[in-house]
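Shown next, in structure tokens, is the structure this report addresses.
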Amino acid sequence: MNSTTEKLIERASQLLTKAQSVASTRFNDSSENVIAPDEVNSPLFHEWRNNSQNFILMVCGENSPYYKNFVEGVKSSRPSDVDHGTGILKALKEDLELGYLTRVRDLVSAEIFTDFIEMAQHLIDNNYKDSTASLVGAVLENGLRQIAQKNVVDVKSGDDIGSLNTKLADKEIYNRLIQKQIQAWKAIRDSADHGKFSEYKLEDVKSMLDGVQRFLTEQL
Numbered sequence: 180m181n182s183t184t185e186k187l188i189e190r191a192s193q194l195l196t197k198a199q200s201v202a203s204t205r206f207n208d209s210s211e212n213v214i215a216p217d218e219v220n221s222p223l224f225h226e227w228r229n230n231s232q233n234f235i236l237m238v239c240g241e242n243s244p245y246y247k248n249f250v251e252g253v254k255s256s257r258p259s260d261v262d263h264g265t266g267i268l269k270a271l272k273e274d275l276e277l278g279y280l281t282r283v284r285d286l287v288s289a290e291i292f293t294d295f296i297e298m299a300q301h302l303i304d305n306n307y308k309d310s311t312a313s314l315v316g317a318v319l320e321n322g323l324r325q326i327a328q329k330n331v332v333d334v335k336s337g338d339d340i341g342s343l344n345t346k347l348a349d350k351e352i353y354n355r356l357i358q359k360q361i362q363a364w365k366a367i368r369d370s371a372d373h374g375k376f377s378e379y380k381l382e383d384v385k386s387m388l389d390g391v392q393r394f395l396t397e398q399l
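Under the working numbering, think of the first position of the sequence shown as 180, with each following residue one higher.
So, in structure tokens, the structure goes:
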């Protein structure tokens, strides 16, 4: 089991412990005239819910059954919602321990990565440097997101190559020399996307394709 998976399992355990703490705050505000349902402490519930939802999104993605079930089933500060979320976290932790999630995600990612790299190679072989630069830039950005998720680095929807690169280098996932190289690849991609085709040459894009492929193969 690698260190990344161990960190994810540890985080799942922390969230399960937090779920127990939330469940222990169960109370009932019923009075003589009003019968109220059982509830748990609302601030603690929403803190745990947000932490758990972000964790599941980071590990599994927004289209996974884990994430969809959590979003749909954990909405209000009721004991039943806490129980529902706890069950999902337990199942996720077990699958992480058995290696199922990482294996499936990596297999899918590897297949998609290979398809796009082959497409980029076909474009560059036919001297389509601008289309290749744009495509390889997109592959790089997606790859950086996967590297961040793999290493439990927080990712925002608005993050691009530049911000992802900074986060990963700051966390020492790779060194500053690699960070500098990624910034150079970003510059080529930006020039292609903004129609500044004279700012780079065919050989620059060939080097970018080879470098990005080697970098992502090593990191993923």
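Quick reminder that beta carbons are idealized off the backbone N, C-alpha and C, glycines included.
Self-check item: Segments of 4+ residues assigned as alpha helix (DSSP H) that fall wholly inside the segment 232-292
Solution: 244-252 and 258-277, all fully within the segment 232-292.
Pull up the distance between the alpha-carbon of residue 309 and that of residue 320, whole angstroms please. Roughly 17 Å separates the two Cα atoms.
**Asked** Between residue 228 and residue 218, is the Cβ-Cβ spacing less than 9 Å?
**Response** no
Note to self: Going by DSSP, what residue range makes up the alpha helix (DSSP H) through residue 205?
What the structure shows: Unbroken run through residue 205: none, as it is neither H nor E.
message = Using 9 Å as the threshold, is the C-beta distance between residue 269 and residue 260 below it?
response = no
| What's the call for residue 231, buried or exposed, on a 16-neighbour Cβ count within 10 Å? | buried
**Message:** By the three-class DSSP mapping on this structure, what secondary structure does residue 382 have?
**Reply:** helix
| request: To the nearest angstrom, report how far apart residue 197 and residue 247 are at their CA atoms. | output: 21 Å
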